[in-house]
């Protein structure tokens, strides 16, 4: 799991396709949500809880990233709504650069050299990446809670 750079649901077979840092494809016989549920559970959380935590801390409910593991720095963001057939979940930690093709589609370039063209614009991917980076920073830095913060809960 730690070397998976992106994953998506193949619409024909309804299987999840995982792609690792070596561009090797794995065909998994389950839905992406079930896979995330399994990964989150192995790291002491669950799929719904991961999404709820992100929504609460980042004040957003659309295209919510999935925190799989804090300690392993694994967080996937969706390129589209999870119900959208073009949705791809991207592991934010492996992104080197984001470019754009002549049709305004985002091209994600990973540190491994793998390239992924998404059916969405560069701005969307950059926004998703930025919010993941902010979220991971917020939950991994040493935050002492102030009483005022606790009262707001």
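Residue numbers (the numbering used here): 20 to 172.
Built from N, CA and C at the ideal position, the CB exists for glycine as well.
{"Query": "Pair within 8 angstroms by beta-carbon distance, residue 96 and residue 24", "Result": "no"}
{"Query": "CA-to-CA distance, residue 117 to residue 22, given in whole angstroms", "Result": "19 angstroms"}
{"Query": "Backbone secondary structure at residue 127 - three-state DSSP", "Result": "strand"}
{"Query": "Three-way DSSP call (helix, strand, coil) for residue 134 in this model", "Result": "strand"}
{"Query": "Of the listed residues 47, 130 and 43, nearest to residue 29 (C-alpha basis)", "Result": "47"}
{"Query": "Proximity winner among 115, 37 and 120, relative to residue 131 (alpha-carbon distances)", "Result": "115"}
{"Query": "DSSP state of residue 66 mapped onto helix, strand, coil", "Result": "helix"}
{"Query": "Run of the alpha helix (DSSP H) containing residue 53, from where it starts to where it stops", "Result": "51-61"}
{"Query": "Terminal residues of the beta strand (DSSP E) in which residue 107 lies", "Result": "107-110"}
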